[in-house]
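Visitor: Sharing a structure, written as structure tokens. Questions coming.
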Amino acid sequence: MITPVALGSRWVTPEGYDITDATGRMFVANIENTFLYGTLVLQGYYYWTQLRAKDKLAVQFIALVPILFEGVQTVFVIYDGYELLCNQWGVNPEAVFDAGYLWLYVPVMGALTGFWVQGFFAWRLYMLTRKIWVGTVVIILALVRLVASLVCGAVGFPLKDVRQFGAAEKVVADVQVWLSSTLACDLAIMSLMVYFLTRSRTGFKSTDSLIWRIITLTVQTGGFCSLLTLVHLVFYYAFPNHSWHLAISVIEGKAYANALLVLLNSRAELANLNNTDEQQSLSMLHATTSANHNSISAEVSKNTLTENLTATNGRAYLTASASLEVSFHRHLTLELGSSRLNSRW
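Now the structure itself:
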């Protein structure tokens with residue numbers, strides 16, 4: 030039986046373990062984890078009502094599995110939080126050391142969700158570039174992260190005290206590989222997507238605006254996951270005797286799942302943007318063609334047949350160029366995953 034003592038405004042054990050650190054970590058983890066799951070449910074509802082009918086069964090499966098999986102993870106986190114802050118609070122002071130299901134919902138379930146989403150991005154990169162090595166690089170990094178996380182969970186399973194996680198050298202080594210490979214994989218996905226999308230620019234204003242919008246989404250979602258992992262690494266190394274890094278690791282799976290749903294749902298916005306740009310291009314084409322037609326009709330009465338043929342050929346070239354822009358724009362939308370033209374799934 031431990032007897033905590035007051036140290037300023039905080040409670041610590043005789044061994045120096047900060048009880049406020051443990052309870053605060055669990056309290057913050059439950060708030061942020063539940064909030065992000067609510068965001069994920071809203072993303073899933075939008076997908077189900079707006080885009081599901083347009084997607085193949087495989088895409089529906091990719092989108093909905095993380096929602097269900099993260100729902101189970103949320104239940105385990107809430108259970109541990111209730112046990113520590115409600116059932117055991119004031120009754121069993123040693124409950125602050127109880128690891129509970131930490132070994133399951135942090136390294137194992139978070140890694141499975143992360144691998145699911147990273148695998149999706151690997152496939153997306155392959156479909157965009159048609160280069161096997163691009164997808165292979167991402168998959169290898171994702172597999173290293175997955176294996177390290179599962180090993181960390183297996184080693185942590187028999188540990189019942191959270192203080193043992195920081196003391197076990199095997200756990201520390203696995204966490205280092207897990208976090209390092211996660212950050213490397215996230216940065217690789219974001220960098221490769223931005224690089225190949227940037228190279229896809231055509232010089233057409235409407236097409237390039239669509240590419241730029243996709244690049245922005247990639248940086249926003251990938252950057253958030255990378256930043257979260259980086260903060261996790263900093264907290265883990267900077268504060269080895271505290272458990273605040275666990276409050277960050279709890280939500281990593283939610284971050285990946287939300288990133289996946291955001292990108293899938295963004296296809297509706299990209300499709301609307303594509304339709305607007307196509308209408309503008311066709312309107313400009315119609316106006317330009319009509320003006321050229323009137324000009325050519327006036328020239329016919331004054332110029333030679335050769336001049337008329339030259340103007341006619343110029344109009345045909347203009348029409349073909351504008352049609353080419355619209356056709357390429359539609360093709361690019363198909364390549365990048367438009368919800369209307371989803372044949373690559």
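Throughout, this note's numbering is defined as the position within the sequence shown, counted from one, plus 29. Beta carbons: idealized from backbone N, C-alpha and C, even for Gly.
Assign residue 311 to buried or exposed, taking buried as 16 or more other Cβ atoms, counted over all protein chains shown, within 10 Å of its Cβ.
Guide: Because the pLDDT at residue 311 is just 46, under 50, the model does not fix this residue reliably, and the value given afterwards should be weighed accordingly. It is exposed - the Cβ of residue 311 has fewer than 16 other Cβ atoms within 10 Å.
Visitor: How is residue 215 classed by DSSP in three states: helix, strand or coil?
Guide: helix
Visitor: Could you name the residues of the same chain whose beta carbon sits closer than 6 angstroms to that of residue 169, not counting the 5 residues immediately before and after it, in chain order?
Guide: none
Visitor: Check whether the stretch 154-169 touches the stretch 219-227, taking contact to mean three or more Cβ pairs, one atom from each stretch, closer than 8 angstroms.
Guide: Look at the beta carbons and you see the stretch 154-169 touching the stretch 219-227: at least three pairs across the two are nearer than 8 angstroms.
Visitor: Let's test the definition: count the other Cβ atoms within 10 Å of the Cβ of residue 250 and tell me whether it reaches 16, buried, or not, exposed.
Guide: Residue environment for residue 250: buried (at least 16 other C-beta atoms within 10 angstroms of its C-beta).
Visitor: Measuring alpha carbon to alpha carbon, tell me which residue in 209, 281, 48 and 175 is nearest residue 127.
Guide: 48
Visitor: Taking its Cβ as the centre, do 16 or more other Cβ atoms sit within 10 Å of residue 295, making it buried, or is it exposed?
Guide: The residue is buried, with at least 16 neighbouring Cβ atoms inside 10 Å.
Visitor: Grouping DSSP H, G and I as helix and E and B as strand, with all else coil, what is residue 203?
Guide: helix
Visitor: Specify the secondary structure class of residue 190 as computed by DSSP and reduced to three states.
Guide: strand
Visitor: Sort out for me which residues DSSP pairs residue 109 with in a bridge.
Guide: Beta-bridge pairing links residue 109 to no other residue.
Visitor: For residue 67, count the other beta carbons within 10 Å of its own beta carbon; 16 or more makes it buried, fewer makes it exposed. Which is it?
Guide: exposed
Visitor: Hey, residue 69 and residue 283 are a contact pair by Cβ (cut 8 angstroms); roughly how many whole angstroms apart?
Guide: 6 angstroms
Visitor: Which one of 103, 82, 285 and 116 has the shortest CA to CA distance from residue 60?
Guide: 103
Visitor: Rounding to the nearest angstrom, what Cα-Cα distance links residue 216 and residue 244 in this structure?
Guide: 14 angstroms
Visitor: Where do the N-terminal and C-terminal ends of the alpha helix (DSSP H) with residue 254 fall, by residue?
Guide: 234-267
Visitor: Would you call the stretch 138-147 and the stretch 110-126 in contact, with 3 or more CB pairs under 8 angstroms?
Guide: no
Visitor: What three-state label does DSSP hand residue 50 in the structure shown?
Guide: helix
Visitor: Alpha helix (DSSP H) containing residue 174: first to last residue?
Guide: 161-185
Visitor: Indicate whether at least one CB of chain D lies closer than 8 angstroms to the CB of residue 101.
Guide: Going by chain labels, chain D is absent from the structure shown, which holds only one protein chain.
Visitor: For residue 236, count neighbouring C-beta atoms within 10 Å of its own C-beta (all shown protein chains included) and say buried if the count is 16 or more, exposed if not.
Guide: buried
Visitor: So is residue 99 buried or exposed if we call it buried at 16+ other beta carbons inside 10 Å?
Guide: buried
Visitor: Are the CB atoms of residue 153 and residue 8 within a distance shorter than 8 angstroms?
Guide: As shown, the chain starts at 30 and ends at 374. That puts residue 8 outside it, with no answer to give.
Visitor: Between the alpha carbons of residue 172 and residue 65, how many angstroms are there, rounded?
Guide: When rounded, the distance between both Cα atoms is 25 angstroms.
Visitor: Leaving out five residues on either side along the sequence, give the residues of the same chain with a beta carbon under 7 angstroms from the beta carbon of residue 181.
Guide: 136, 200, 203, 204 and 207
Visitor: Give me, in chain order, the residues of the same chain whose beta-carbon lies closer than 8 angstroms to that of residue 396; leave out the 5 immediate sequence neighbours on both sides.
Guide: No information on residue 396 is available, as it lies outside the stretch 30 to 374 that the chain covers here.
Visitor: Would you please state the rounded distance, in angstroms, between the beta carbons of residue 51 and residue 125? I believe it to be under 8 angstroms.
Guide: 4 angstroms
Visitor: Please report the distance separating the alpha-carbon of residue 228 from that of residue 185.
Guide: 45 angstroms
Visitor: Which residues does DSSP list as the beta-bridge partners of residue 127?
Guide: DSSP, once it has assigned bridges, lists 190 as partnering residue 127.
Visitor: Have a look at residue 273 and residue 252 and give me their C-alpha separation to the nearest angstrom.
Guide: 22 angstroms
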